[in-house]
Structures are given as structure tokens and as C-alpha cells.
Amino acid sequence: MKKKKVKEILHEMVDSLDNKYILYDLKENIFPYVIEYRSKKTDKDDDDLTEKQIKRLDEMISRPDDQKALTLNEVKKSFAKWLPDEDTQLKREKKISKASKKKLKEKLHKILDDIKSKYLLTVLLDEIMPDALNKNKYE
Numbered sequence: 101m102k103k104k105k106v107k108e109i110l111h112e113m114v115d116s117l118d119n120k121y122i123l124y125d126l127k128e129n130i131f132p133y134v135i136e137y138r139s140k141k142t143d144k145d146d147d148d149l150t151e152k153q154i155k156r157l158d159e160m161i162s163r164p165d166d167q168k169a170l171t172l173n174e175v176k177k178s179f180a181k182w183l184p185d186e187d188t189q190l191k192r193e194k195k196i197s198k199a200s201k202k203k204l205k206e207k208l209h210k211i212l213d214d215i216k217s218k219y220l221l222t223v224l225l226d227e228i229m230p231d232a233l234n235k236n237k238y239e
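In my numbering, the protein residues as written are 101 to 239.
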């Protein structure tokens with residue numbers, strides 16, 4: 101599929117979104133992250149694990165070492181530094197409530213139009229937008 105067609109489909113997907121929170125997160129967090137950190141090379145590097153390495157990772161995930169296992173409270177404390185505090189969350193809520201869906205969509209369209217990489221557009225089309233359109237995930 102040509103880049104122009106992928107962009108058209110992505111524009112239609114953005115236009116079909118009606119949830120300000122999703123539009124805001126796409127604009128502020130998800131699209132910039134994909135643009136900044138996703139590339140064929142980085143994605144390919146992730147796929148270069150050997151069968152043995154994949155098996156070992158699965159084993160490590162499925163049964164953690166008792167000495168290294170964390171309690172739920174320890175996990176919450178360690179995640180707290182990344183999770184927004186109440187003030188940050190309130191500021192975010194204000195920004196979202198002030199933003200119009202139309203303006204958010206316009207900014208997302210601009211971001212899409214500025215993307216030159218067909219690979220990034222395909223990542224957005226195949227991996228990001230289907231989740232954004234799945235409203236059940238966000239309710």
C-alpha cells in the first residue's frame with residue numbers, strides 16, 4: 101500500500117475517534133513515542149532473539165526467583181515515581197477538558213502529514229490505531 105493511502109486511512113481513523121482522552125493521549129504521548137523510538141532497526145533488533153533466549157525469558161517470567169520476588173506494596177512504591185500524582189493528574193484533566201476534539205484531530209492530522217517514513221505509518225496503522233478505536237479498552 102502506498103504511503104498516501106496509509107495516511108488517508110489513518111486520517112479517517114483519527115476522524116472517527118470521538119473520545120477526547122484517547123485523542124489527547126495519541127497527540128501527547130503515543131504518536132510522539134512511536135515517532136521518536138520506533139524504527140525498522142530497533143524493531144528488528146527485538147526480533148533477533150534465538151529460540152534458546154526466548155525459552156529462557158519465558159522461564160524467567162513464569163517463575164521468579166523467590167529472593168528476587170517483590171510484594172505488591174513494593175511494586176506500587178517503585179511504580180509511584182512514574183505514575184502521575186494527584187496534582188499532575190488534575191492538570192492533565194484540565195488540559196483535556198479545555199482542548200476541543202476538533203483541535204486535537206487537526207494536530208494529529210498535522211503529525212501524520214509530517215511523517216515521512218512508511219514504516220512508522222504502518223506501525224500506527226497496524227498497532228496503535230486499532231487499540232485506539234477499540235473503545236471497550238478505555239471504558
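Just so it is clear, CB atoms sit at the ideal spot from N, CA and C, and this is done for glycine as well. This one's a predicted model, so the numbers in the text were calculated from it and none came from an experiment.
Shown here, residue 232 sits in a helix according to DSSP, grouped into three states. Collapsing the DSSP output to three states places residue 162 in a helix.
Boundaries of the alpha helix (DSSP H) around residue 136: 131-137. Taking 8 Å as the upper bound for CB-CB distance, residue 127 and residue 204 are in contact here, some 6 Å apart. Sequence-distant partners of residue 229 (beyond 5 residues in either direction) whose C-beta falls short of 6 Å from its own C-beta, in its chain, are 113.
CA-to-CA, the gap between residue 200 and residue 193 works out to about 13 Å.
In the DSSP assignment, residue 113 falls within the alpha helix (DSSP H) that extends over 103-116. When C-alpha distances from residue 124 are compared across 224, 208, 212, the shortest belongs to 208.
By the 16-neighbour rule on beta-carbons within 10 angstroms, residue 212 is buried.
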